[in-house]
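Numbering-wise (UniProt numbering), the sequence shown opens with residue 1 and increments by one.
Glycine included, every Cβ here is placed at the ideal spot set by N, Cα and C.
Heads up, the thing below is written out as structure tokens.
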Amino acid sequence: MASELTFYTNPMSRGQIIRWMLEEIGAPYDTEILDYTSSMKSDEYRAINPMMKVPAIVHKGRVVTEAAAICAYLADVFPEAGLGPREEEKADYYRWLFFAAGPLEQAVTNKAAGFEGSEQQQRMFGYGHYDLAVNALADHLAGRDYICGTRFNAADVYVGSAVMWGTQFGTLPKRDSFVAYADRLSQREAYRRGKAEDNQLISEMQAAG
């Protein structure tokens, strides 16, 4: 019997963020694996996400795209998982979730593409410049276990994924606060289950050529 939640992904994508989030909430879900050259560009998938990008979810007939939005949505509609923000956590939760999805990602991807802009252009950028964005997050995490203090929530799935990926592949520096945060998150059982699932899928795809 099909579940009410379908997850569209490719294991070599930001879909790994949502795999982790789905493992954290513990709700049943179906998975549709898409490839970059055909099924992701199909008319069927364009009807779900006209951007032809993954991840995406369809929950009870409703589509959600964008990894940060999916994390926030899942935390909201599965409150029993306890991954949404408590009242006192809402400021940090929303601030840093949107910071990672906007200014930080823009800073990282622009730098990776070799574009940092002139001083005048940086005034137009929401992140200013790369070091400014990186320092803002590193300073926030210094002396904290998680984004909102001592309790893990959905913001940590998204921000933590950015930090872990960035420090692993060199798009973020290995600041002490980043390394400690990444080490802490990598011990979570849900993270390990999701990572193992995606790694298995990657191995199968590579074996199939």
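Range covered by the beta strand (DSSP E) that runs through residue i
i     : result
Glu32 : 30-33
Tyr8  : 5-9
Limits of the unbroken alpha helix (DSSP H) element including residue i
i      : result
Arg193 : 189-208
Met21  : 15-25
Test item: CB-CB of residue i and residue j under 9 angstroms
i      : j      : result
Ala75  : Asn153 : yes
Tyr158 : Ala91  : no
Gly160 : Leu185 : yes
Leu201 : Pro55  : no
Ala133 : Val163 : no
His129 : Gly117 : yes
Asp131 : Ser177 : no
Gln16  : Asp198 : yes
Met21  : Leu83  : yes
Ala2   : Pro85  : no
Nearest neighbour of residue i, chosen from the options [CA to CA]
i      : options                        : result
Ala142 : Asp156, Tyr181, Tyr93, Pro173  : Tyr181
Arg14  : Gly209, Glu204, Gly166         : Gly166
Gly209 : Gly26, Gln168, Asp35           : Asp35
Thr31  : Glu116, Ile18, Ala207          : Ile18
Glu87  : Arg151, Asp183, Met205, Thr171 : Arg151
Phe169 : Asp198, Gln120, Ala112         : Ala112
Pro173 : Pro85, Asn135, Tyr29, Arg123   : Asn135
His59  : Lys53, Ile70, Pro103, Met52    : Ile70
Ser38  : Pro28, Asn110, Met52, Met205   : Met52
Ile25  : Ala207, Arg62, Arg46, Arg188   : Arg188
Pro28  : Lys41, Ser42, Phe78, Pro50     : Phe78
Nearest-angstrom Cβ-Cβ length linking residue i and residue j, presumed shorter than 8 angstroms
i      : j     : result
Tyr8   : Ile48 : 7 angstroms
Gln106 : Tyr93 : Wrong, their Cβ atoms sit about 20 angstroms apart, outside the cutoff.
Gly194 : Glu80 : Going by Cβ atoms, the distance from Gly194 to Glu80 rounds to 19 angstroms, so no, they are not a contact pair.
Leu5   : Ile57 : 6 angstroms
Could I get the ranges of all uninterrupted alpha helix (DSSP H) runs contained in the segment 105-175, with 4 residues as the minimum, in chain order?
-> 105-112, 119-122, 130-141, 154-169
Ranges of the beta strand (DSSP E) found wholly within the segment 38-102, counting only runs of at least 3 = 56-59, 62-65
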